[in-house]
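So the protein lines, in turn, are chains X and C. My numbering runs 264 ahead of the 1-based position in the first sequence. My numbering runs 1 ahead of the 1-based position in the second sequence. Idealized CB from N, CA, C, for every residue including glycine. Remarks on the structure that follows.
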Amino acid sequence: MSLSAYVIRRLFYVIPVILGVCFLIFIIFNVVSPDPTISMLGKHATKAQVLELREALGLNRPLYMQYVDTVKSALTFDFGRSWSTKQEISEMIKQGAIPSITVTFPAFFLSFIISVALSLFVAFYRGGMLDKSIVFVCVALMSISSLVYILVGQWFFAFKLGLFEISGYEEGFPYFIPYVMLPIVITVILGVGPDVRFYRTVMLDEIYQDYVRTARSKGLGEKTIMFKHVLKNAMVSIITYVVLRIPFLILGSLLIESFFGIPGLGGITLKAVNSSDFPVIKAMAVLSGIATIIFNVITDVLYVVVDPRVKLE
Amino acid sequence: MKKISILVAIFTVLGLMTTSCTKKEMTKGKTLSLAVSSQVKGMDPIYANDRYSSNEVARVYEGLLQYHYLKRPYTLVPNLAESMPKVSDDGLTYTFKIKKGVVFQDDAAFPEGKGRELTAEDFVYSIKRLADPKLQGLGWWLLDNKIVGLNEWRKKYAELDKVDYSEEVEGLKSLDRYTLQFKLAKPFPQFLYALAMPFTFAVAKEVVDKYGKEFLNHPVGTGPFRIKDGVFKQTKKIVYEKSPSFREKKYPCEASEKFKNDGLLEDCGKTLPLVDRLVVNIIEEDQPRWLNFQKGKVEYVSVPKDNFDTVIPDAKNLSPEYKDKGIVLMVSPSLDVTYTAFNNDLDLFKKNTKLRQAMSLAYDIDKANKLFYNNQAIPAQSVVPPGIAGHIENYTNPYRGNGSAEQLEKAKKLLAEAGYPEGKGLPEITYDCPSNTVSRQIGEYFKKQMAKIGISIKVIQNPWPELQKKITTRNVMTYGIAWGADYPDAENFLQLLYGPNRAPGANGSGYDNPELNRLFKVASVMQDSPERTALYEKMNRIAAEEVPWIYGVHRQNFTLRHSWLKNYISSDFEAGIGQYLNIDKKKKKEMLKKL
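Printed below as a string of structure tokens:
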């Protein structure tokens with residue numbers, strides 16, 4: 265089977281996934297979620313108004329028709345407007361995705377490079393003092409709550425030393441840069457701990473393989489072995505780990521966004537859940553589902569690129 | 002390792018370089034920088050039902066009336082109205098003359114992009130918009146059943162596909178270009194407050210028609226500020242600039258006694274607004290808001306609860322560290338009340354006043370005040386807060402607990418008389434509260450207090466919409482909540498206990514007392530008068546002694562401002578205050594060096 269046929273076939277999986285996601289959130293919304301009209305109308309809600317608003321939102325229609333509408337909007341990507349802010353959802357996503365990405369993408373790449381480099385390094389010096397101390401530092405970094413990095417980082421680097429902006433965001437390049445520097449640094453620190461430990465394990469798995477011994481006995485240098493053979497073979501696991509995280513980068517990081525005043529998608533999603541803003545929840549769930557599938561396919565394709573033995577069927 | 006240190010170095014240099022590359026637009030003229038703690042939904046007046054959205058709406062839009070900036074008790078004065086309205090003898094017809102020569106801000110919606118003059122017809126249109134059944138405006142409760150013919154108009158078009166704004170409504174008419182007349186269905190003296198609330202502010206039909214559903218992002222009003230670039234975006238920063246077409250409006254030259262000596266009249270007679278630019282930063286978390294304030298990037302801020310002890314160590318005066326930086330502390334009571342409501346639908350509470358009284362007596366409010374409000378709130382004796390007519394000065398609720406042994410004995414006695422000696426025979430009582438830390442702590446405190454007389458409480462935390470749902474569906478036994486004033490009138494508080502207002506109306510406790518209902522019905526149609534105040538006080542007393550709620554406190558605002566910010570006073574009704582604030586640029590430059 266050709267690669268393109270495989271990709272197209274896999275992309276068709278999007279349809280059942282959308283149906284499934286819609287079904288799940290629809291059930292959750294109708295069974296456990298509180299009535300959105302009450303929180304929308306606020307403290308002066310009257311019975312008549314609650315009924316009127318339910319009618320206007322289409323909540324009084326038969327459930328199956330509401331479900332059909334849900335699926336229709338998901339398939340056409342026409343998510344309409346938020347119930348609570350009345351803003352157009354596609355516009356909310358567009359406006360929120362860029363600020364989220366300006367923090368998460370640089371942080372993602374930086375932490376990827378730093379973690380892979382560090383893990384190659386510790387794998388090379390495995391068992392030694394350096395390996396142990398780096399692993400120790402990684403575990404220590406992981407053990408501290410992310411809130412501590414945010415609070416202390418913001419207070420010390422931004423407030424005391426004045427190296428960065430305390431919080432806020434400015435649209436457009438390069439104005440956003442001073443605002444995203446500290447969030448990026450903190451995201452990198454948060455990511456490096458677990459990443460290094462994972463990559464190190466992957467590398468060590470490879471280092472004890474027969475092909476490494478063969479390479480050594482052929483007289484290849486350690487550098488060549490590490491970069492050309494170990495890293496390349498470790499790539500399959502690394503790609504699986506890394507690529508599937510990309511779609512979630514767009515969703516941003518809730519805590520970072522809220523403390524640094526970055527108008528990203530993290531906050532939008534949380535607020536939607538808290539106010540039972542069904543159209544927004546639906547949009548975010550459907551888009552995450554689709555992105556997960558797409559990046560799954562990308563992962564599969566990348567397997568072929570890094571390991572010629574892999575065949576897609 | 003070397004690589005890492007290089008990376009760190011690059012970051013630091015980049016950081017230093019780019020700190021100075023923030024936009025340069027903020028340097029010319031006076032810029033007022035404010036911080037708010039919640040996202041703003043949009044800029045459509047009819048949806049501005051939370052404090053944050055309505056404050057933003059009121060920077061661009063204006064209404065017929067406003068509160069006098071420097072007077073307490075809160076006093077209504079004309080804004081877009083030429084003078085206060087002529088009210089007919091029966092209290093049903095209100096006739097307004099509106100100011101001539103007021104223009105809307107320039108926008109592409111108008112011919113040649115030039116804002117046109119405001120007319121009485123704009124108010125007719127704007128108020129019909131609030132009543133429009135297709136738009137579901139969130140301030141409809143203000144006018145529901147109040148204006149002759151408006152409910153019928155709303156009902157008629159709820160069933161039709163299209164709403165016809167040109168159809169005349171008997172109680173809402175423009176008599177000529179500058180005369181507006183309201184006819185009320187029944188006397189409703191609080192009606193004037195409605196006209197100072199952003200829900201009823203004037204919008205232009207052309208702008209609504211041009212932008213359609215996107216109108217909420219294209220605010221075009223007659224107000225002192227206009228949004229920069231004309232488009233509101235859901236970001237964390239809203240930038241306004243002085244509206245060039247704003248009419249000649251002057252800073253007031255009169256003030257209540259208490260405001261006369263704080264330099265608040267120095268700008269008397271100056272043209273408003275006093276700053277060229279207004280930046281609203283949305284900072285949801287306490288720490289960044291607090292740090293930004295200390296750096297001088299925000300002009301004023303509420304003291305965060307966690308920093309209270311370091312900032313105001315003796316709970317009265319500002320610590321010298323902050324005083325030296327020129328920071329000023331301002332304390333002001335807010336028109337609100339916190340309470341624990343009983344579900345009066347349950348026979349357990351409905352038929353047992355003594356049980357309610359016993360629980361209220363067992364609840365030590367003084368200690369709660371120390372624990373949760375830094376001992377700075379005012380223990381509530383009944384429902385109406387100080388500062389508005391109907392509040393009874395020096396009145397002590399006989400069932401208000403203060404933790405004394407004597408009161409506990411009395412509580413136990415009442416509990417026995419209620420049929421539950423030492424709590425025996427009582428089911429476990431649930432207490433529902435919002436799911437934030439302080440609310441949970443208050444719940445735990447309530448549990449401990451009730452345990453003293455043998456009552457067992459189960460605390461349940463809920464996300465906010467869930468709590469609201471439980472209250473409206475009567476799925477609660479007791480719950481902790483607060484009420485903030487919509488307008489400065491005791492009616493706004495007493496209606497919380499008016500039987501016909503039961504949930505999903507504002508009376509979440511479902512309390513229904515025929516005598517209180519009767520008095521409320523009489524008082525709610527009376528104009529402000531000593532007789533009405535007497536009725537309010539009577540109701541307030543009934544509400545105290547009958548204990549439909551366990552009263553909590555009336556909170557106080559602790560605000561810090563920088564010395565360069567002029568004319569700031571804290572207000573319960575913040576709509577439009579931005580135009581009065583001023584910045585002393587020289588002083589700011591000087592003081593920033595100290596921060």
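Comparing alpha-carbon positions, the option among C:A504, C:L273, C:L468, C:P305 lying closest to Q580 of chain C turns out to be C:L273.
For the alpha helix (DSSP H) assignment, the uninterrupted runs of no fewer than 4 residues enclosed by the segment 391 to 460 of chain X are, from N- to C-terminal side, 393 to 407, 410 to 417. A Cβ of chain X is located within less than 8 angstroms of the beta carbon of Y48 of chain C. Using a Cβ-Cβ cut-off of 8 angstroms, I283 of chain C counts as an interface residue toward chain X, since at least one Cβ of chain X sits closer than that to its own. Within 8 angstroms of the CB of A507 of chain C, the CB atoms of chain X belong to K307, H308, in sequence order along the chain.
Burial check for T397 of chain C: the Cβ neighbour count within 10 Å stays below 16, so the residue is exposed. Look at N146 of chain C: its C-beta is not under 8 angstroms from any C-beta on chain X. Among the residues facing chain C, Q418 of chain X is included, as its CB has a counterpart in that chain under 8 angstroms away. Note on geometry: alpha-carbon atoms of E423 of chain C and L356 of chain C lie some 12 angstroms from one another. The beta carbon of E316 of chain X sits closer than 8 angstroms to some beta carbon of chain C. Counting C-beta pairs with one atom in each stretch, the segment 560 to 567 of chain C and the segment 299 to 311 of chain C have three or more that are closer than 8 angstroms, which means they touch. By the Cβ rule, the segment 216 to 223 of chain C counts as touching the segment 188 to 208 of chain C, because three or more pairs are nearer than 8 angstroms. Closer than 8 angstroms to the CB of I302 of chain X there is at least one CB belonging to chain C. A Cβ-Cβ contact shorter than 8 angstroms links S571 of chain C with N558 of chain C. Approximately 7 angstroms separates the beta-carbon atoms of P380 of chain C and D367 of chain C; this is inside 8 angstroms, confirming the contact. Distance from the Cα of Q67 of chain C is smallest, within the candidate group C:E83, C:K238, C:I458, for C:E83. For Q182 of chain C, the enclosing beta strand (DSSP E) starts and ends at 180 to 184. Within the same chain, Cβ atoms closer than 6 angstroms to the Cβ of V149 of chain C are found at E171, G172, K184, A186, the five residues on either side in sequence being excluded.
Taken in chain order, the unbroken stretches of alpha helix (DSSP H) that lie wholly in the segment 112 to 187 of chain C and span 4 residues or more are 121 to 132, 151 to 160. Residue environment for T334 of chain X: buried (at least 16 other C-beta atoms within 10 angstroms of its C-beta). Taking the beta carbon of G43 of chain C as reference, the chain X residues within 7 angstroms of it are T349, K350, Q351, listed in sequence order. Restricted to the segment 27 to 98 of chain C, the beta strand (DSSP E) segments that are unbroken, complete and at least 3 residues in length are 32 to 37, 66 to 68, 77 to 79, 94 to 98, listed in chain order. F276 of chain X and T340 of chain X have their C-alpha atoms roughly 15 angstroms apart. For N508 of chain C, the pairing in a beta bridge is given by DSSP as C:R503.
The beta carbon of R480 of chain X is closer than 7 angstroms to those of I489 in its chain, skipping five residues each way along the sequence. R401 of chain C has its alpha-carbon roughly 17 angstroms from the corresponding atom of T479 of chain C.
Residue C:V103 holds the alpha-carbon nearest to the alpha-carbon of Y179 of chain C among C:I284, C:K594, C:V103. About 15 angstroms separates the beta carbons of V460 of chain C and F373 of chain C, which is beyond the 8 angstroms limit, so they are not a contact pair. Not a single C-beta of chain C is nearer than 8 angstroms to the C-beta of G392 of chain X.
Interface residue (Cβ-Cβ distance to chain C less than 8 angstroms): Y433 of chain X is classified as such.
Between Q528 of chain C and the set C:A390, C:I543, C:E591, the nearest pair of CA atoms involves C:A390.
For Q235 of chain C, the nearest beta carbon of chain X is closer than 8 angstroms to its own beta carbon. The DSSP-derived three-state label of F373 of chain X is helix. When CB distances to chain X are screened at a threshold of 9 angstroms, the residues of the segment 454 to 466 of chain C falling below it are N463, P464, W465, P466, in chain order.
Between the alpha carbons of Q40 of chain C and R390 of chain X lies a gap of roughly 50 angstroms.
Between the alpha carbons of P321 of chain C and Q377 of chain C lies a distance of about 20 angstroms.
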